[in-house]
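Participant:
Number of protein chains: 4
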Amino acid sequence: MSSTPAFRRLPRAVREQQMLDAAVRAFSRRGFHAASMDEIAEDAGISKPMVYAYLGTKEELFVACLHREGTRMVEAIAAAAAPDLPADERLWRGLRAFFGFVGAHRDGWIVLYRQARGEQPFAGELATMRSRLVEVVAGMLDDALRAQGREVRETDLEVIAYALVGATESLGDWLADHPEADPAKTATRMMNIAWLGADQLLRGETWRPTGE
Amino acid sequence: MSSTPAFRRLPRAVREQQMLDAAVRAFSRRGFHAASMDEIAEDAGISKPMVYAYLGTKEELFVACLHREGTRMVEAIAAAAAPDLPADERLWRGLRAFFGFVGAHRDGWIVLYRQARGEQPFAGELATMRSRLVEVVAGMLDDALRAQGREVRETDLEVIAYALVGATESLGDWLADHPEADPAKTATRMMNIAWLGADQLLRGETWRPTGE
Amino acid sequence: MSSTPAFRRLPRAVREQQMLDAAVRAFSRRGFHAASMDEIAEDAGISKPMVYAYLGTKEELFVACLHREGTRMVEAIAAAAAPDLPADERLWRGLRAFFGFVGAHRDGWIVLYRQARGEQPFAGELATMRSRLVEVVAGMLDDALRAQGREVRETDLEVIAYALVGATESLGDWLADHPEADPAKTATRMMNIAWLGADQLLRGETWRPTGE
Amino acid sequence: MSSTPAFRRLPRAVREQQMLDAAVRAFSRRGFHAASMDEIAEDAGISKPMVYAYLGTKEELFVACLHREGTRMVEAIAAAAAPDLPADERLWRGLRAFFGFVGAHRDGWIVLYRQARGEQPFAGELATMRSRLVEVVAGMLDDALRAQGREVRETDLEVIAYALVGATESLGDWLADHPEADPAKTATRMMNIAWLGADQLLRGETWRPTGE
DNA sequence: TATGAATGAGACTTCATTCAT
DNA sequence: TATGAATGAAGTCTCATTCAT
Numbered sequence: 001m002s003s004t005p006a007f008r009r010l011p012r013a014v015r016e017q018q019m020l021d022a023a024v025r026a027f028s029r030r031g032f033h034a035a036s037m038d039e040i041a042e043d044a045g046i047s048k049p050m051v052y053a054y055l056g057t058k059e060e061l062f063v064a065c066l067h068r069e070g071t072r073m074v075e076a077i078a079a080a081a082a083p084d085l086p087a088d089e090r091l092w093r094g095l096r097a098f099f100g101f102v103g104a105h106r107d108g109w110i111v112l113y114r115q116a117r118g119e120q121p122f123a124g125e126l127a128t129m130r131s132r133l134v135e136v137v138a139g140m141l142d143d144a145l146r147a148q149g150r151e152v153r154e155t156d157l158e159v160i161a162y163a164l165v166g167a168t169e170s171l172g173d174w175l176a177d178h179p180e181a182d183p184a185k186t187a188t189r190m191m192n193i194a195w196l197g198a199d200q201l202l203r204g205e206t207w208r209p210t211g212e
Numbered sequence: 001m002s003s004t005p006a007f008r009r010l011p012r013a014v015r016e017q018q019m020l021d022a023a024v025r026a027f028s029r030r031g032f033h034a035a036s037m038d039e040i041a042e043d044a045g046i047s048k049p050m051v052y053a054y055l056g057t058k059e060e061l062f063v064a065c066l067h068r069e070g071t072r073m074v075e076a077i078a079a080a081a082a083p084d085l086p087a088d089e090r091l092w093r094g095l096r097a098f099f100g101f102v103g104a105h106r107d108g109w110i111v112l113y114r115q116a117r118g119e120q121p122f123a124g125e126l127a128t129m130r131s132r133l134v135e136v137v138a139g140m141l142d143d144a145l146r147a148q149g150r151e152v153r154e155t156d157l158e159v160i161a162y163a164l165v166g167a168t169e170s171l172g173d174w175l176a177d178h179p180e181a182d183p184a185k186t187a188t189r190m191m192n193i194a195w196l197g198a199d200q201l202l203r204g205e206t207w208r209p210t211g212e
Numbered sequence: 001m002s003s004t005p006a007f008r009r010l011p012r013a014v015r016e017q018q019m020l021d022a023a024v025r026a027f028s029r030r031g032f033h034a035a036s037m038d039e040i041a042e043d044a045g046i047s048k049p050m051v052y053a054y055l056g057t058k059e060e061l062f063v064a065c066l067h068r069e070g071t072r073m074v075e076a077i078a079a080a081a082a083p084d085l086p087a088d089e090r091l092w093r094g095l096r097a098f099f100g101f102v103g104a105h106r107d108g109w110i111v112l113y114r115q116a117r118g119e120q121p122f123a124g125e126l127a128t129m130r131s132r133l134v135e136v137v138a139g140m141l142d143d144a145l146r147a148q149g150r151e152v153r154e155t156d157l158e159v160i161a162y163a164l165v166g167a168t169e170s171l172g173d174w175l176a177d178h179p180e181a182d183p184a185k186t187a188t189r190m191m192n193i194a195w196l197g198a199d200q201l202l203r204g205e206t207w208r209p210t211g212e
Numbered sequence: 001m002s003s004t005p006a007f008r009r010l011p012r013a014v015r016e017q018q019m020l021d022a023a024v025r026a027f028s029r030r031g032f033h034a035a036s037m038d039e040i041a042e043d044a045g046i047s048k049p050m051v052y053a054y055l056g057t058k059e060e061l062f063v064a065c066l067h068r069e070g071t072r073m074v075e076a077i078a079a080a081a082a083p084d085l086p087a088d089e090r091l092w093r094g095l096r097a098f099f100g101f102v103g104a105h106r107d108g109w110i111v112l113y114r115q116a117r118g119e120q121p122f123a124g125e126l127a128t129m130r131s132r133l134v135e136v137v138a139g140m141l142d143d144a145l146r147a148q149g150r151e152v153r154e155t156d157l158e159v160i161a162y163a164l165v166g167a168t169e170s171l172g173d174w175l176a177d178h179p180e181a182d183p184a185k186t187a188t189r190m191m192n193i194a195w196l197g198a199d200q201l202l203r204g205e206t207w208r209p210t211g212e
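Residue numbers (UniProt numbering), protein chains in the order written: chain A, 1 to 212; chain B, 1 to 212; chain C, 1 to 212; chain D, 1 to 212.
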């Protein structure tokens, strides 16, 4: 006799995930400002006041999206690249995990990479995340070098790591726009670029401007 | 007789540049949606209706910014990387011009790279620009290879070029956040990464996943 | 216990009628363009966003007014002029209902007759309504004629009907500007004009231009 | 060597007519509010400040249109219906002139009949014009009656005249929307309706409500 | 005379957010 | 808990009108 179907009154945690799903979809497609709370609530199948009650302000909602997707991504990568593996293996598994994440969570990636970047309140947090990643990658390179008995100035290391991360993100973003592409193959390509390219660089050879 | 004949009533071309300057500043700092036409008009020292009369809708204004800054950047790079130079020289000069542009036009760069990316109506155009750039870079790499009597599958070439462009953009964006850094030095670092790294890669050596 | 349970938070249907009332008043007095949404909302005792939420755009609001008033008028007339009555009785009751409507809903009439006519998006719909009315009147005349064993060319019938409707509308509009006048008396006058005038006309006599 | 083509610097009177032409077109198509001074100036091939200098405010410009078109119409009718003709001839010639005017000056008619009616500042003036016309028509009917040795209460006369004018305007407006229709034929039809219909009415016969 | 440049004012519309049931 | 009803605030855009050349 109850007109309330079984799926109402879900436990709070489930509802929150539904809302975050809807929010990530909306923010990914339309950006922080253009996405509307109305739209998100409707897509989540819930009323607007509930969204406010559970997840707070629009800004807080966006941050929650960033956190969930960022954590998912970082944990996926961290779980793959166990610290006791050799450096190249860690890099390779990390890349595979990264492209796998992008392929499986396009919207999440887009929120992280395209949408959060331009919005002042959030860009800082993202930059911090990237910095930590760059450190990790720099650490891997350093490990590899020491294993070969070589050493590189820390600054150079950081710049190279930064460039590798940038290149990787860029291919990841390309992947997000080409759902038909194979994440694993993309990972292989990036691994080639990263590992062989970096190896050469770190061997100490340097290109020099030719005067002027 | 005075070369600044009055304060108001400037000719159209001048006013348009003032408006575009203000718009690029605003869009760079606050993004497309958060920037307000009021704000832009006030910063340009003019009333809102003039902005609409000269440059149209907010969307058209944003496109005008994109065009001006994009053209500036492309022309700076094209002027530097004359097509009759050897490939490495072209790449080097192109990079120097690119980082020079970013250092000199931070706001323009940020609008192009950070703000346009997430907004659906504009992202496409930007992606096209990047594609053309990737082609050019791939062409340089190809030239260099042929000069050495080697050859590479076109797909690989494109991916490598794409990664190089991504890495370069990423460093450029880093530069935009570090005004104290030296564009020329950043260019040198990127040239190292690009040239030596690519050289190795293109020599035919390949890293391969180790099973699993 | 009170039948006016509170002041705010009325159910949707009630609020919509309040808004339409206010809108008809405003549009009637000032016309589509000069009436402002602010004004309408304030007169309805509600905030502007509610108007948009319930009734949409200004244009849609105007159409809603047109529909409500048009329907009211047509239904009043249709209810009075039951199709099983003899033609003259139908005409008479219809006229009485029409002038009754104009007297009781001046604002509605004015929106329909004076304000919608000049505005391109709405004029068409009104013209269609009038056409249908003309058909009905032509039908009445035809009935009356056949009852007398006479017949008239359809074109003539339509023109006469059109003129009758025009004359009626014109007197209706005059009534709208003379609230002290008696709708019933106006109806009687129009019935005289219509019935006796038409009778003569339809008897087959024709005035003819005298040369030139 | 003069770059000023011959047709600039027209005499004031000519320019004013061009502006009024453009204004009537614009007001007819879009109504008083929706028509913009920009549009009018451009259509007249002149700059906006000139419009203000010559014809004043938008409101004054509209009044000027009303005057010109109203005068044209009245004069056309007056010239045709010379007061020394017999009443039926006057009516007939007047109608022909009226429908001729509508056919030849659609835009002017529309401004007078459809657009001015709803705008408070102008409706009054129009109503006055119509009143005068009604008087004239009532006079004609009176003349005709007296010529037959009969007499009618003035009120009835006025109402009948009002209805005739309304019917005529209505057919005129129909003509404005059917440019392919023949003004002369429409005039003949209206003359039939007016003359024969009125004749009957004025003979003293009256339709009476049948109780209820 | 003639006009490009300029603006104050105000319109429509939308949104994030909250109240009262 | 859950939501329909409600709004303050702000943003985009247009227009009639005037100045300064």
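Where a beta carbon is used, it is the ideal one built from N, C-alpha and C, also for glycine.
#1: Beta-carbon separation of residue 213 (chain D) and Met140 (chain D) under 8 angstroms?
#2: Quick check: is the beta carbon of Leu171 (chain B) nearer than 8 angstroms to any beta carbon in chain A?
#3: Between which two residues does the alpha helix (DSSP H) containing Gln115 (chain B) stretch?
#4: From the DSSP output, in three-state form, read off Gln148 (chain A) for me.
#5: Which residues bound the alpha helix (DSSP H) around Ser28 (chain D)?
#6: Relative to the alpha-carbon of Ala104 (chain D), which residue among D:Gly45, D:Glu69, D:Arg93 and D:Ala78 has its alpha-carbon at the smallest distance?
#7: I'd like the span of the alpha helix (DSSP H) that includes Pro49 (chain A), first residue to last.
#8: Taking buried to mean at least 16 other C-beta atoms within 10 Å of its own C-beta, is Leu112 (chain A) buried or exposed?
#9: Is Gly45 (chain C) helix, strand or coil when you go by DSSP?
#10: Looking at Leu66 (chain D): is its Cβ nearer than 8 angstroms to the Cβ of Phe32 (chain D)?
#11: Let me know the alpha helix (DSSP H) ranges lying completely inside the segment 161 to 198 of chain B, each 4 residues or longer, listed in chain order.
#12: Measure the C-alpha to C-alpha separation of Asp142 (chain B) and Thr155 (chain A) and round it to an integer number of angstroms.
#13: Give a yes or no on whether the C-beta atoms belonging to Phe98 (chain D) and Gly172 (chain D) are separated by under 8 angstroms.
#14: If contact means a Cβ-Cβ distance below 7 angstroms, which residues of the segment 129 to 150 of chain D contact chain C?
#15: Give the DSSP-derived three-state secondary structure of Leu85 (chain D) in the structure shown.
#16: Quick check on the burial criterion: 16 or more other C-beta atoms within 10 angstroms. Buried or exposed for Val14 (chain D)?
#17: Please classify Ser131 (chain B) as buried or exposed, where buried requires at least 16 other C-beta atoms within 10 Å of its C-beta.
#18: Taking the Cβ atom as the reference point for each residue, do Thr168 (chain B) and Leu95 (chain B) lie within a distance shorter than 8 angstroms?
#19: Can you say whether Thr186 (chain C) is buried or exposed, counting buried as having 16 or more other CB atoms within 10 angstroms of its CB?
#20: Using DSSP with H/G/I as helix, E/B as strand and the rest coil, what is Arg153 (chain A)?
#21: Can you look up His67 (chain A) in the DSSP assignment and give me helix, strand or coil?
#22: Answer with yes or no whether the minimum CB distance from Ile193 (chain D) to chain C is below 8 angstroms.
#23: Contact criterion: CB-CB distance below 8 angstroms. Does Glu119 (chain C) meet it with respect to chain D?
#24: Report yes if the C-beta distance between Val51 (chain D) and Met73 (chain D) is below 8 angstroms; otherwise report no.
#25: Between the C-alpha atoms of Ala35 (chain A) and Arg117 (chain B), what's the straight-line distance to the nearest angstrom?
#26: Less than 8 angstroms between the C-beta atoms of Ile160 (chain D) and Ile193 (chain C), yes or no?
#27: Below 8 angstroms on the Cβ atoms is my contact criterion, and I expect Pro183 (chain D) with Val102 (chain D) to pass it. Report the Cβ-Cβ distance as a whole number of Å.
#28: So which residues of chain A does Arg30 (chain B) contact, with C-beta pairs closer than 8 angstroms?
#29: Would you say Val134 (chain D) and Glu158 (chain D) are within 8 angstroms of each other, going by their C-beta atoms?
#30: Quick one: give me the first and last residue of the alpha helix (DSSP H) that Arg106 (chain D) is part of.
#31: Looking at chain C, is there any beta carbon in it that lies within less than 8 angstroms of the beta carbon of Ala79 (chain D)?
#32: Please identify the residue among D:Gln17, D:Ile40 and D:Ser28 whose C-alpha is closest to the C-alpha of Arg114 (chain D).
#33: Using the Cα positions of Gly56 (chain B) and Ile110 (chain B), report the straight-line distance between them to the nearest angstrom.
#34: For Gly149 (chain C), is the classification buried or exposed, using 16 other Cβ atoms within 10 angstroms of its Cβ as the cut-off for buried?
#35: For chain C, check one thing: does any of its Cβ atoms lie closer than 8 angstroms to the Cβ of Leu175 (chain D)?
Facilitator: The answer reads as follows:
#1: In this structure chain D extends from 1 to 212, so residue 213 (chain D) is not present and cannot be described.
#2: yes
#3: Premise fails: Gln115 (chain B) is in no alpha helix (DSSP H) and is neither H nor E.
#4: coil
#5: Arg12 to Ala34
#6: D:Glu69
#7: Lys48 to Leu55
#8: buried
#9: coil
#10: no
#11: none
#12: 31 angstroms
#13: yes
#14: none
#15: coil
#16: exposed
#17: exposed
#18: yes
#19: buried
#20: coil
#21: helix
#22: yes
#23: yes
#24: no
#25: 16 angstroms
#26: yes
#27: 7 angstroms
#28: Gln120
#29: yes
#30: Arg106 to Ile110
#31: no
#32: D:Ser28
#33: 22 angstroms
#34: exposed
#35: no
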